[in-house]
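Going left to right, the sequence shown walks through residues -18 to -1, 1 to 239 as mature numbering (1 follows the signal peptide of the UniProt record, and there is no 0) numbers them. For each residue, glycine too, the CB sits at the ideal point set by N, CA and C.
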Amino acid sequence: MRYAASWLLILCSTLAAAQTPAKQITDNQHVWLSVNSTMRFSERWGAIADFHVRRTNYIADPSFYFVRGGASYWLADNLSLVAGYGHMWLASTVNGKAAFADENRVYQQILYSSRIKTVSVLNRFRNEQRWREVLDNGKSTGDFSFSSRLRYLISLGIPVSKNPKFPQISIANELAVQFGQSVVYSAFDQIRLFGGIRQGFGRGWSYDLGYMLVYQQGAGGNSYNRNHTVRLFFYYTLDTRRKPSAVQDTPHHFEDE
């Protein structure tokens, strides 16, 4: 009887394993470019605006285009609230041609910056409400699926020289989870790891350049995209509170899709 129970347990375990879909990972190569701006008009109020382009198969095919704007409110110089709207054109390939789905996005976020000795630290919490167009064979069905996404980012700027013109080391990690009626097997949305350099150039301008690894779960729960991304982001900071002759430091911040 004991042996029969053991064999039954082994059989049930084997059947359960056979019914569990195998994990599938697809590797992709992306190039991601963007321009991001932060503008401060008074002690409390300002705005942000940015534009993103991501290409897949390096630069051969479109992945998405994204624009975003928002209003900023500073509680303190290192603590701000932002709320706004973004629109994405998300590409997919149907019969060898690119089809684009619209996505409307409303978001709210908290940004807190600090320093640990010479290292700048940015923490960002973002809440997004997303309405994504449903396509059928590359054509719009007129329906939109809704989901909410929570994102947490920590970003570090590590100087390697006292010369401010010398590039800093830039490291970031972001985790995103999502919820909604259409989200059944993919509550874990993605994790993003970035490493590269960051450097200022010109008045109010800076850029970061490096490698980003994006590990994203598909809607079915057992498929994942592992995106190897060359990323080049430009940043522009405007602060009208200060006199034109004043020296303005570009804050270490990080904006992305």
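Grab the span of the beta strand (DSSP E) containing E156 for me, first residue to last.
E156 -> beta strand (DSSP E) spans 150 to 161.
Are Q111 and S127 touching if we call contact CB-CB under 8 Å?
Result no, Cβ atoms of Q111 and S127 do not sit closer than 8 Å.
I'd like the ranges of any beta strand (DSSP E) spanning at least 3 consecutive residues and lying wholly in the region 46 to 111.
Listed in chain order, the complete beta strand (DSSP E) runs (minimum 3 residues) inside the region 46 to 111 are 61 to 76, 79 to 98.
Y217 bridges to which residues according to DSSP?
The partner list for Y217 (beta bridge, DSSP) reads N18, S188.
According to DSSP, is R224 part of a helix, a strand, or is it coil?
Here R224 sits in coil by DSSP.
Please report the residue range of the beta strand (DSSP E) in which R26 lies.
That residue, R26, is in no beta strand (DSSP E); it is neither H nor E in DSSP.
Between E115, Y94, S164, G68, which lies nearest to N105 when the distance is taken from Cα to Cα?
It is Y94 whose Cα lies nearest to the Cα of N105.
Between F216, F107, S24, which has its C-alpha nearest F183's C-alpha?
That would be F216, whose Cα lies nearest to the Cα of F183.
Is DSSP giving P44 helix, strand or coil here?
P44 falls in the strand class under three-state DSSP.
Kindly indicate which three-state DSSP category N209 falls into: helix, strand or coil?
Reduced to three states, the DSSP call for N209 is strand.
If we call anything under 8 Å between Cβ atoms a contact, is W71 one with Y89?
Against a cut-off of 8 Å, the Cβ pair of Y89 and W71 comes out as no contact.
Work out the CA separation of D84 and F176 for me, nearest whole Å.
Cα to Cα, F176 sits roughly 27 Å from D84.
Just confirm the distance between the C-beta atoms of T219 and T20, as a whole number of angstroms; I'd bet it's less than 8 Å.
With a Cβ gap of about 5 Å, T219 and T20 count as contacting.
Quick check on N77: buried or exposed, where buried means 16 or more other Cβ atoms within 10 Å of its Cβ?
Exposed is the call here.
Name the DSSP bridge partner or partners of V35?
The partner list for V35 (beta bridge, DSSP) reads L15, Y47.
Please state whether DSSP places F126 in a helix, a strand or coil.
It is a strand residue.
When the Cα atoms are used, what is the spatial distance from A154 to L195?
If you take the alpha carbons of A154 and L195, they lie about 11 Å apart.
In this structure, how does DSSP classify W(-12) when only helix, strand and coil are distinguished?
Note on W(-12): pLDDT 47, under 50, position unreliable in the model; no value is reported.
Tell me the DSSP secondary structure of S168 in three-state form.
In the structure shown, S168 sits in coil (DSSP, three-state: anything other than H, G, I, E or B).
Please look up how many angstroms separate the CB atoms of Q151 and V165, rounded, as I've assumed it's under 8 Å.
First, the amino acid is wrong: residue 151 is Ile here, not Gln. I151 to V165, Cβ: 35 Å. No contact.
Closest by CA to F23, which one among G51, W56, H12?
F23 has its Cα closest to that of W56, out of G51, W56, H12.
Does DSSP put F183 in a helix, in a strand, or in coil?
F183: coil per DSSP, three-state reduction.
Does DSSP classify V142 as helix, strand or coil?
Reduced to three states, the DSSP call for V142 is coil.
Going by CA-CA distance only, name the one from I140, Y40, Q163 that's closest to S96.
Cα-wise, what sits closest to S96 is I140.
Given a threshold of 16 other Cβ atoms within 10 Å of its Cβ, counted over all protein chains shown, does T222 qualify as buried or as exposed?
So T222 ends up on the exposed side.
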